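Using my numbering, you'd call the opening residue of the sequence shown number 291 and step up by one each time. Idealized CB from N, CA, C, for every residue including glycine. What you are looking at is a predicted structure, and each value in this text was computed from that prediction instead of being measured. To start, the structure under review is shown below, and the notes come after it.
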Amino acid sequence: VEAYATISVKAQVTGELTAATFHEGDYVKKGDLVFIIDQRPLQAALNQAIANVAHDQAALGQAQANQARDAAQAQYADASAARYAQLYQEKVVSKDQTEQFRTTAAAANQAVEADKAAIESSKAAIGASQAQVENARVQLSYTEIRSPINGRLGSFTVKPGNVVMANSMELCTINEIEPIYVTFGVPESQLPAIKEYMAMGKLPVRSQPQDDATA
């Protein structure tokens with residue numbers, strides 16, 4: 291009698307195995323929580339990643355505020371430069387005064403461009419931080435090891451309290467036994483008859499446990 295499928299259960303993250311929620315030989319259903327790995331380091335990493343997103347969002351808000359302020363100053367500087375240019379044409383102000391306002395306006399517009407670059411940089415940082423959050427969530431989810439199939443647990447090779455390594459240590463096996471395979475041999479002398487009947491269609495097979503007189 292052979293299992294229909296055998297799954298090798300391994301940890302996907304490194305950490306201390308803190309609990310086994312079933313016992314060896316127990317039957318489990320698909321999705322049942324079987325093992326728990328220490329969640330504290332990965333929970334801390336997730337919290338840090340979330341904090342980084344909040345920090346980057348605050349930086350974006352500051353950059354946008356700076357742009358709004360500098361844009362208003364640039365608009366005023368442009369208007370002043372245009373007004374002094376007109377006054378210079380009318381010989382009311384000196385050329386030096388006109389050039390000074392033109393330089394101020396140019397600097398104000400450069401500040402606006404720098405603010406735009408800072409905004410784009412903050413947006414990129416937010417994207418990277420959000421990706422770190424998703425990765426941290428995935429890593430945290432790996433601390434709960436659930437059964438991928440309905441089956442029976444084999445022997446535990448690692449007991450709670452020990453440290454498991456990611457993708458390298460088999461914690462146990464789960465054998466799917468419904469349905470199940472039964473492998474058997476037949477006498478060579480019966481093989482021609484079996485082939486003859488198999489050509490006509492599928493042959494029904496009945497099996498029973500050894501020494502079971504009631505089956």
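For a test of the three-state rule: what should DSSP assign to residue i, helix, strand or coil?
i: residue 431; result: helix
i: residue 408; result: helix
i: residue 496; result: coil
i: residue 309; result: strand
i: residue 414; result: helix
i: residue 441; result: strand
i: residue 489; result: coil
i: residue 361; result: helix
i: residue 476; result: coil
i: residue 318; result: strand
i: residue 343; result: helix
i: residue 383; result: coil
Report buried or exposed for residue i, applying the criterion of at least 16 other Cβ atoms within 10 angstroms of its Cβ.
i: residue 481; result: exposed
i: residue 491; result: exposed
i: residue 474; result: exposed
i: residue 336; result: buried
i: residue 303; result: buried
i: residue 301; result: buried
i: residue 412; result: buried
i: residue 428; result: exposed
Going by CA-CA distance only, name the one from the options that's closest to residue i.
i: residue 416; options: 470, 378, 476, 351; result: 351
i: residue 341; options: 372, 420, 359; result: 420
i: residue 436; options: 296, 310, 498; result: 310
i: residue 371; options: 347, 354, 355, 399; result: 399
i: residue 368; options: 462, 295, 327, 392; result: 392
i: residue 374; options: 385, 335, 326; result: 385
i: residue 291; options: 334, 452, 344, 465; result: 465
i: residue 448; options: 305, 294, 295; result: 305
i: residue 355; options: 402, 440, 424; result: 402
i: residue 394; options: 494, 424, 365; result: 365
i: residue 451; options: 325, 320, 296, 294; result: 325
i: residue 293; options: 397, 483, 484, 469; result: 469
i: residue 328; options: 486, 479, 456; result: 456
DSSP beta-bridge partners for residue i?
i: residue 298; result: 463
i: residue 378; result: Per DSSP, none; premise fails for residue 378.
i: residue 325; result: 310, 435
i: residue 293; result: 470
i: residue 453; result: 306
I'd like to know if residue i contacts chain B, where contact means its C-beta is closer than 9 Å to some C-beta of that chain.
i: residue 391; result: Among the chains of the structure shown, chain B does not appear; only one protein chain is present.
Regarding residue i and the ligand ZN, is the C-beta to nearest heavy atom distance less than 8 Å?
i: residue 487; result: By its list of ligands, the structure shown contains no ligand whatsoever, and the ligand ZN lies outside what it can speak to.
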